[in-house]
Structures are given as structure tokens and as C-alpha cells.
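Colleague:
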Amino acid sequence: MSETLTEKQEAVFKFIEEYQLAYGKSPTLREMREHFDVSSDNSILKHLKALEEKGLIKKDDTPRGIKLLESIKQKLSGKSSKVPVLGFIPAGGPVLTEEYISGWMDVGEDLAGNAKDYFVLNVTGGSMIDAGIYEGDLVVVNSKKQPRDKDIVVALVDNQNTLKRFIKKDGKVYLKAENKNYSDIYPENELVVQGVVTALIRQY
0 MSETLTEKQE AVFKFIEEYQ LAYGKSPTLR EMREHFDVSS DNSILKHLKA LEEKGLIKKD
60 DTPRGIKLLE SIKQKLSGKS SKVPVLGFIP AGGPVLTEEY ISGWMDVGED LAGNAKDYFV
120 LNVTGGSMID AGIYEGDLVV VNSKKQPRDK DIVVALVDNQ NTLKRFIKKD GKVYLKAENK
180 NYSDIYPENE LVVQGVVTAL IRQY
């Protein structure tokens with residue numbers, strides 16, 4: 000990619016890609032301005048226009064209207080590893096997840112480098128839609144990664160699994176739903192995090 004993009008264009012592209020992998024949606028212009036510490040939209044828009052002209056993105060006029068046209072697909076179709084699919088994970092309320100491998104999926108090594116540390120879960124429910132995660136999506140989960148504040152995690156609450164955002168506040172931990180119609184979860188007992196979501200795969 001570095002042969003066709005300037006250093007700044009590549010930095011913008013990588014930021015969009017990493018943001019999409021982390022949050023399942025594209026960053027806004029404001030978020031990109033803050034990340035690159037620039038005061039004007041024009042400098043960001045200039046790089047976005049160049050990326051669009053080079054066929055790497057497509058942009059519309061909505062706040063998060065940036066679509067990657069190449070890189071994610073390349074990640075999934077390049078060198079890959081087989082990762083176990085472990086049934087379904089709820090994103091609308093704790094529903095017991097089947098604890099056996101229901102299949103295997105080829106996942107790009109850029110998304111799941113050390114395959115034995117990863118698994119894939121199928122999302123059900125709607126409590127994470129404001130994070131861009133919808134029912135039927137697949138999430139790639141790193142079972143060895145330690146959760147950080149605001150990570151999206153698979154957690155075990157009262158012997159049931161759920162997908163939520165991991166929040167630390169005032170020395171306590173709770174699970175935040177990304178949908179105003181769903182309640183946050185404040186575990187009465189110790190919270191067990193079974194993995195951190197590292198990528199989102201959407202099948203069309």
C-alpha cells in the first residue's frame with residue numbers, strides 16, 4: 000500500500016480500518032480531526048478524496064459514511080487460519096451459549112494471528128447496535144487478551160454469556176449496552192471476561 004499512498008494518506012486509511020475493526024463503524028470527521036490533531040475538516044477531506052480516487056474507500060455525506068473497498072476483504076481472503084465457531088453469543092440479554100464447537104471458519108491471520116487463542120461467535124439480539132454490531136454478525140474474539148476500559152468483550156454473568164462494552168468507573172466494573180433500549184449490567188459477583196472482541200465480520 001505504501002507504494003501508492005503518501006505517508007499521511009496511509010495513516011488516515013489505517014486509522015479508518017482499525018476504527019472499523021474495533022467499533023464496527025467508521026469514524027466521523029471530528030474523530031479523525033481529534034486523532035490527527037488538526038483543526039480543519041479540509042485536511043482530512045483532502046486525504047479522503049485521494050483515497051476515494053485511488054479506489055480504496057467510498058464516501059457518502061452521512062457522518063459515518065466511509066466504506067472500505069479493499070483492505071478488509073484482503074485480510075479475509077489472504078493467508079488464513081481455521082478458528083472454531085462456538086455457537087451463538089447474545090447481544091440482547093444473557094442467553095446460555097453452547098459450549099461446543101459448532102464449526103470452523105477461515106479467518107485472515109491479520110485478524111486472528113495465533114489461531115489457538117481465538118474463537119468466533121455469532122451475535123444475536125440488538126443491544127450493541129449503536130456500536131455497529133448487529134444480529135447475525137460474527138465477532139472474532141481473543142480469549143487471552145486482557146480487557147481494557149471501553150473494550151467490547153464476551154463476559155460470563157451468572158453462568159450466562161453476553162456481549163457488552165467493558166467499563167471501569169470509580170474502581171468498579173460494569174457492562175455497558177450500546178442501545179438505549181437495553182440496560183447495563185452491574186454484576187453482583189465477580190465478572191468473568193472470556194475474551195475481547197478484536198474484529199467484526201459481516202456476511203452479505
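Be aware that the sequence shown starts at 0, since it is given in numbering that gives the first Met the number 0, and climbs by one per residue. Just so it is clear, CB atoms sit at the ideal spot from N, CA and C, and this is done for glycine as well.
1) For residue 24 and residue 200, what's the separation of their Cα atoms in angstroms?
2) Would you list the residues sitting across from residue 128 in a DSSP beta bridge?
3) Could you work out which residue in 29, 180, 50, 27 is closest to residue 6 when comparing CA atoms only?
4) Rounded to whole angstroms, what's the CA-CA distance from residue 151 to residue 53? Just pull it up for me.
5) Which two residues bound the contiguous beta strand (DSSP E) that contains residue 20?
6) Please state the DSSP three-state secondary structure of residue 115.
7) Can you tell me whether residue 190 is helix, strand or coil according to DSSP?
8) Please list the terminal residues of the continuous alpha helix (DSSP H) segment that includes residue 47.
9) Does the separation of the CB atoms of residue 160 and residue 193 fall below 8 angstroms?
10) So what does DSSP say about residue 85, is it helix, strand or coil?
11) Pairing CB atoms from the stretch 171-180 with CB atoms from the stretch 117-128, are three or more of them under 8 angstroms?
12) Can you give me the C-alpha to C-alpha distance between residue 102 and residue 120, rounded to a whole angstrom?
13) Is the beta carbon of residue 220 sitting closer than 8 angstroms to the one on residue 122?
14) When DSSP labels each residue in this structure, what does residue 55 get in the three-state scheme?
15) Using the beta-carbon count (16 or more within 10 Å), is residue 124 buried or exposed?
16) What separation, rounded to the nearest whole angstrom, lies between the Cα atoms of residue 165 and residue 19?
17) Excluding the 5 residues preceding and the 5 following residue 79 in the sequence, name in chain order all residues of the same chain whose CB lies nearer than 8 angstroms to its CB.
18) Output yes or no for whether 8 angstroms exceeds the beta carbon distance between residue 148 and residue 167.
19) Going by beta carbon distance, what residues of the same chain come within less than 6 angstroms of residue 40, once the five residues before and after it are set aside?
20) Quick check on this structure: which residue in 13, 113, 65 has the alpha carbon closest to the alpha carbon of residue 81?
Modeller: The short version:
1) Taking the first residue of the sequence shown as 1, we reach residue 24 at position 25. Taking the first residue of the sequence shown as 1, we reach residue 200 at position 201. Roughly 12 angstroms separates the two Cα atoms.
2) Within the sequence shown, numbered from 1, the residue matching residue 128 stands at position 129. Residue 128 is not bridged to any residue.
3) Residue numbering aside, residue 6 sits at position 7 when the sequence shown is read from its first letter. Considering only 29, 180, 50, 27, the residue with the shortest C-alpha distance to residue 6 is 50.
4) Your numbering for residue 151 matches position 152 in the sequence shown. Your numbering for residue 53 matches position 54 in the sequence shown. Linking residue 151 to residue 53 through their CA atoms gives a straight-line distance of about 32 angstroms.
5) As a working mapping, residue 20 is identified with position 21 in the sequence shown. Per DSSP, residue 20 lies in no beta strand (DSSP E) segment; the continuous alpha helix (DSSP H) that holds it begins and ends at 6-22.
6) Residue numbering aside, residue 115 sits at position 116 when the sequence shown is read from its first letter. If DSSP states are grouped into helix, strand and coil, residue 115 belongs with the helices.
7) The residue given as residue 190 occupies position 191 in the sequence shown. Taken through DSSP and simplified to helix, strand or coil, residue 190 comes out as coil.
8) Residue numbering aside, residue 47 sits at position 48 when the sequence shown is read from its first letter. Its alpha helix (DSSP H) spans residues 40-52.
9) Looking up residue 160 in the sequence shown gives position 161. Looking up residue 193 in the sequence shown gives position 194. In this structure, residue 193 lies closer than 8 angstroms to residue 160 by Cβ.
10) Here residue 85 refers to the residue found at position 86 when the sequence shown is read from its first residue. In the three-state reduction of the DSSP assignment, residue 85 falls in the strand class, which pools E and B.
11) The answer is yes - the stretch 117-128 touches the stretch 171-180, with three or more Cβ pairs under 8 angstroms.
12) Start at 1 with the first residue of the sequence shown, and residue 102 comes out as number 103. Start at 1 with the first residue of the sequence shown, and residue 120 comes out as number 121. Distance between the alpha carbons of residue 102 and residue 120: 11 angstroms.
13) Past the boundaries of the shown model lies residue 220; the chain is included only from 0 to 203, so the question cannot be answered.
14) Here residue 55 corresponds to residue number 56 of the sequence shown, with the count starting at 1. DSSP places residue 55 in coil when its eight states are reduced to three.
15) Here residue 124 is taken as the residue at index 125 of the sequence shown, counted from 1. That one is buried.
16) Here residue 165 corresponds to residue number 166 of the sequence shown, with the count starting at 1. Here residue 19 corresponds to residue number 20 of the sequence shown, with the count starting at 1. Residue 165 and residue 19: Cα-Cα distance of roughly 18 angstroms.
17) Working through the sequence shown from its first residue, we reach residue 79 at position 80. Sequence-distant partners of residue 79 (beyond 5 residues in either direction) whose C-beta falls short of 8 angstroms from its own C-beta, in its chain, are 105, 106, 107, 108.
18) Residue mapping note: residue 148 aligns to position 149 of the sequence shown, counting from 1. Residue mapping note: residue 167 aligns to position 168 of the sequence shown, counting from 1. Going by C-beta atoms, residue 148 is nearer than 8 angstroms to residue 167.
19) Your numbering for residue 40 matches position 41 in the sequence shown. Excluding sequence neighbours, residue 40 sits near 28.
20) Indexing the sequence shown from 1 puts residue 81 at position 82. The option with the nearest alpha carbon to residue 81 is 113.
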